[in-house]
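A short write-up of the structure that comes next.
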Amino acid sequence: MAVVFNLFCFFISSLILEVFCYDIPYVDPSKCSSNQYYQFSSLRCVDCGSGQTQSDDKLSCNCRPGFKKTKSDGGPNLLCESCSTGSGGVNRTASLDGWSCVLCPNDVGFDVTNSKCNDCPIGTTAVDRLIDGTKLSQRQCLKCVSDTSPVSNGGDCQRCHSSYLVSNASSTVCDCPSSENQYLQTGGVCLATSSVIKASSELYTVNYDDVKKINSFFFEDNLRAAVALCKQNQNFTSCQLLGNLCVLLDYNLDLYDGSSSTTDACKEFLDIVDIRTEKVTGKTIRTIFDWPVDMPWLYYKTGIQDAVDVLNRRDITQAFSANGPLTFIISRTTLNGSFAGLLTDTSELQLCQERLSKMASANSFATTYKSSCSIPVKFLMQKPMYFYDVYLKVQDPLMYAVPVLVENYKKSGVAVNANSDQSRWQLSRRFFLVENIIGRNTGSNKVEVIRYAESIEMSIRLRSSDGEIYPPFIKIKYNSVEVKDEAIVEKTSKDVSFSVTYTMDLETIDRDTKTAIGCLSGLAAIFALVKVASWRRRHGSEAIDCSTLIKLLMYSFGTFSTMYFWILFGLSLQWLIFFKQQSVVYRLLPMGSQENLFRDLLIVAFTFKLLDLFHVIWSQISIDIFFMDWERPRGRITQPNQAGESAGEESPVSIWRTFFVANEWNEIQTMRKISPELQIFATLFFLKVVGFEHLATTDPISRFTVNPSTGYIGEYSATLRFAVLTMVYLVIEGVQWFYFAFIHERFFGDSLGDFVDLCCMANVSVFIMENTLYGYYIHGRSVHGRADTNMKEMNEQLKREEEDLCGKRGLEPNTENQTFEVGLPQKFRQQYDKVVEPLTARGQQAQRRNVPSGGVERSINAYAAMNRFLCGFIDHSLRDLDYLIQDKLLLERIIDMEVREQPLDKAVLFNDDGRSFNCVLFYGNEWTLLLFELLFFAFCDYFATDFILAGVLTYIVITVLAKIRDIFGRRNLAKKTMVDERFLI
């Protein structure tokens with residue numbers, strides 16, 4: 013019972029799962045058999061009824077041959093009944109309308125295999141009802157008389173084409189006589205052989221990208237008839253057909269311009285144009301000289317430099333406003349020359365069919381538009397083939413013809429339309445999107461090659477500041493694909509694109525930009541010379557040597573990069589403001605090659621700033637620094653010797669205070685005025701989340717949000733992206749700097765000020781030499797005389813300072829100034845180098861591990877000697893070395909160079925603002941770091957067009973640079989101060 017119960021439960025659960033299952037099998041309509049139709053309401057193949065077969069559209073059923081309809085409610089609701097054998101043994105079939113059965117004509121007979129009557133003889137038509145609708149029991153074959161012929165079996169008798177009547181006037185049958193080869197049937201008409209051009213294989217050859225050649229069946233069947241009818245009868249449809257065939261040859265002019273005896277569609281077309289021009293001198297179509305009478309307008313032939321003349325005309329005087337309508341009128345023609353109507357937008361020209369709101373953006377003036385996708389070859393095979401002539405609607409009711417530039421056009425084997433030399437361009441008028449008929453070879457039943465417009469670019473050039481434009485033109489590039497293999501059609505896709513670009517003459521802007529580059533480069537060179545002059549003075553160089561030239565080069569990198577940055581920012585910012593805020597269009601964005609100057613300037617500015625930053629880091633990790641310990645022993649330590657006498661020596665001074673100060677110095681070496689992490693995060697937040705990035709699109713709309721499902725988001729402009737990025741980055745940097753400078757450092761903590769206070773409490777001064785004869789001094793001598801004390805005494809010292817019961821911390825009496833810039837004489841440097849030589853002879857690790865005890869002793873002695881030397885210098889205890897304390901002049905502070913002559917035997921200590929020593933730290937080089945980060949951010953975004961990626965890379969790079977500065981700065985600190993690197997944590 014348990015087994016039965018389990019099986020029952022399994023059956024019920026399976027039934028429930030089946031009931032609630034929503035997946036259905038996929039059925040392709042082409043997979044339905046000949047006796048089935050595709051029921052699109054349920055997406056499946058359904059069997060037709062008895063005596064029925066599948067209809068041509070595969071969506072319903074028809075009665076099989078030999079069956080008549082007895083009921084038809086539309087669609088698959090159909091009943092059929094077999095036509096039985098009639099009397100006398102004559103078989104019957106369904107009538108022409110399918111609702112009754114009739115006997116076959118006696119002289120025609122019955123096709124037993126297909127259950128239908130044989131076709132009526134040529135020149136006759138099948139009839140099974142009288143003209144008043146009366147049914148006939150037997151079908152009749154009526155002969156078309158006089159000048160008529162049946163359209164098809166069972167069709168009405170209609171008048172023959174006039175060419176048949178002229179060539180065969182005595183006949184009543186629409187047939188082209190073949191006697192003596194005087195007449196030829198081609199293109200559905202009968203023509204005299206003398207009026208038709210000679211046939212040849214070259215005449216029907218169509219080249220596909222110089223790879224595949226086809227002897228086109230369509231050319232063979234229609235070309236000669238089109239030439240004859242257009243030339244003799246001025247048949248408009250035939251002339252249109254001939255023009256279309258010339259378009260399919262890429263407007264080839266080699267045979268027309270040369271002396272070759274061979275011909276093609278283009279040569280025949282132009283020969284007819286020449287004949288018409290001679291016969292109708294001065295007659296034009298709508299005053300357009302290039303438009304031949306009764307012919308399609310294909311070529312521009314007005315002058316020697318046709319394209320230059322046509323594209324620089326000033327005929328369009330209408331002023332266009334930003335985002336205003338740009339209306340194109342498109343005339344559409346079928347392959348055989350029939351008119352197929354007018355279009356009023358460019359949506360049909362876009363093979364990538366997207367939502368209408370996006371495609372409509374192509375018609376918004378000044379909106380750079382681009383659409384690209386991958387199109388299945390199967391779609392290209394099925395797309396109807398049309399030819400297009402485009403006009404721009406200007407002042408109502410006028411239209412302006414839009415020229416076409418086919419990049420595939422070749423002159424003497426050279427693709428002249430594919431280069432930028434307009435004087436060699438051959439402009440034309442008509443083009444197509446897809447060609448899927450011509451590629452059928454003679455004797456073949458299927459198309460072997462199809463051709464499609466791989467890229468279409470509609471180029472519009474601004475002419476004046478009043479929104480006027482030069483004539484727009486369309487640039488088209490065709491490609492082809494072989495479709496012999498069915499798998500290619502089913503599985504292969506091709507990339508296509510459609511774009512609308514706007515350009516303007518930027519010669520004036522480029523000239524002004526280059527002028528700014530020249531002027532600011534001169535200013536940058538002056539700044540670099542001032543910097544190197546200051547360096548030579550502080551370095552003690554008397555001659556212009558190699559090191560001077562290297563320093564000039566390094567300083568030039570920094571000044572030139574800064575100047576180029578401001579040029580880039582000013583250039584991009586004015587484009588952002590004027591392009592986005594204009595009503596009548598007078599400013600367009602640089603496109604393509606027009607951005608080369610901006611790109612080159614950005615690369616140069618970034619490269620120079622990178623080298624400048626390396627120079628700054630190298631200068632900071634090679635400074636000379638020494639910690640001066642002012643602490644004195646508290647007394648002597650007495651200890652009995654072997655003779656029982658007491659021997660005494662001074663009590664040692666703790667080194668931990670020096671280690672502590674050195675460790676704090678190591679920590680502030682890479683400290684910044686801002687938070688780099690917050691800077692990058694906030695920048696990306698405002699660009700991506702708030703939406704400032706949308707200000708950088710190539711459409712003249714200022715917006716921060718856009719719905720991609722309803723609105724069109726234009727391509728991004730590299731110039732506008734730089735402007736938006738720089739604007740956001742500088743504002744965030746400014747806000748951060750203001751907060752840290754005026755709020756955080758004042759109310760929460762000042763790291764540099766705290767370091768100076770620490771030096772004073774530790775009784776340790778810091779002597780820094782950035783250059784040979786120039787440096788900084790932090791006076792850390794305790795006003796209490798001692799710092800190596802216990803907690804109680806330390807608190808008492810702090811209390812005395814708070815109550816102003818002791819002296820000031822400043823170097824001079826009754827002053828608070830503890831930091832100075834120091835200018836040194838050559839004598840001081842010589843003495844300094846002499847004392848410090850044992851300290852710099854070996855690295856700290858070498859001293860600790862490999863140097864003999866005597867070498868370590870000499871280094872310790874040298875350290876003590878240097879401490880005594882510097883302390884004596886500050887205390888004015890050295891007879892030959894002394895110093896003065898002065899204030900810098902305003903000019904000296906501005907140009908950062910001492911202009912007054914300094915005493916040869918005395919040093920000069922310049923009062924500063926308490927932070928001059930930050931020049932040897934990251935803290936004092938915030939502007940250099942900021943510009944490097946910003947330029948690197950912009951550099952990455954220019955090539956990646958991705959703010960997030962650029963932000964991440966920028967953060968990684970500045971982190972790595974800070975780590976490099978920290979590692980080498982620590983090593984230099986340990987080397988110059990004898991502080992073991994292990995204590996620098």
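Quick note: the numbering used here has the sequence shown finishing at residue 997, numbered continuously throughout. C-beta: ideal position from N, C-alpha, C; glycine also.
Here V778 is buried, its C-beta having at least 16 other C-beta atoms within 10 Å.
Around the beta carbon of H796, a 10 Å sphere encloses 16 or more other beta carbons of the protein chains shown; the residue is thus reported as buried. Nearest neighbour of F922 by Cα position, chosen from I790, K81, K804, A876, turns out to be I790.
One thing to note: C113 has its Cβ no nearer than 8 Å to the Cβ of V120. Around F671, the same chain offers V991, F995 as residues with beta carbons nearer than 7 Å, after the five sequence neighbours per side are excluded.
Looking at the DSSP output, C771 sits in no beta bridge, so it has no partner there. Within the segment 206–277, complete beta strand (DSSP E) segments of at least 3 residues are found at 217–220, 224–227, given in chain order. A straight line joining the alpha-carbon of G336 with that of W587 spans about 20 Å. With a contact defined as Cβ atoms closer than 8 Å, D276 and N420 miss out at about 15 Å. Taken in chain order, the complete beta strand (DSSP E) segments of 3 residues or longer contained in the segment 49–132 are 56–59, 64–66, 73–75, 79–84, 90–94, 104–106, 113–115. Looking at the DSSP output, L921 shares a beta bridge with V834, I897.
Here K487 is buried, its C-beta having at least 16 other C-beta atoms within 10 Å. With distances taken between CA atoms, N234 lies nearest to N256 out of N245, Q244, N219, N256. Partner residues in the beta bridge of F399, as assigned by DSSP, are T345, F444.
With a beta-carbon spacing of about 5 Å, E466 and K489 fall inside the 8 Å limit used to define contacts. Setting aside the 5 residues that flank it on each side, N937 is surrounded in the same chain by V628, each with a C-beta closer than 6 Å to its C-beta; the list follows chain order.
When secondary structure is reduced to three states using DSSP, G534 falls in the helix class. Between the C-alpha atoms of S369 and C385 there is a straight-line separation of about 17 Å.
Pairing L439 with V416 gives a Cβ-Cβ distance under 8 Å. For G787, the three-state secondary structure derived from DSSP is strand. Under the DSSP assignment, P688 falls in the alpha helix (DSSP H) whose first and last residues are 688–696. Under DSSP, I780 forms a beta bridge with I637, Y788. For D168, there is no enclosing alpha helix (DSSP H), as DSSP marks it with neither H nor E. Put simply, the backbone Cα of A962 is about 11 Å away from that of L947. Within a 10 Å sphere around the beta-carbon of G63 sit 16 or more other beta-carbons, which makes this residue buried.
Runs of the alpha helix (DSSP H) lying entirely within the segment 550–632, each at least 4 residues long, are 558–593, 608–632 in chain order.
Minimum Cα-Cα distance from K83 among the listed residues Y741, C57, W111, P77 corresponds to W111.
Exclusion of the five residues before and after R550 leaves N783, L785, Y786 as the residues of its chain whose Cβ lies within less than 6 Å of its Cβ.
Counting the other CB atoms within 10 Å of its CB gives W578 a total below 16, which places it among the exposed residues. In the structure shown, G981 adopts helical secondary structure according to DSSP, grouped into three states. Annotation: I387 to K506 spans about 5 Å, alpha carbon to alpha carbon.
Counting C-beta pairs with one atom in each stretch, the segment 675–694 and the segment 745–760 have three or more that are closer than 8 Å, which means they touch.
Of the residues L985, V406, F581, the one whose Cα lies closest to the Cα of V932 is L985. Taking a C-beta distance under 8 Å as the contact criterion, D892 and E643 do not qualify as a contact pair. Residue burial is scored here from C-beta neighbours: F949 has at least 16 other C-beta atoms within 10 angstroms and is therefore classed as buried. Inclusion of I897 and E824 in the CB contact set at 8 Å is warranted, their separation being smaller than that value.
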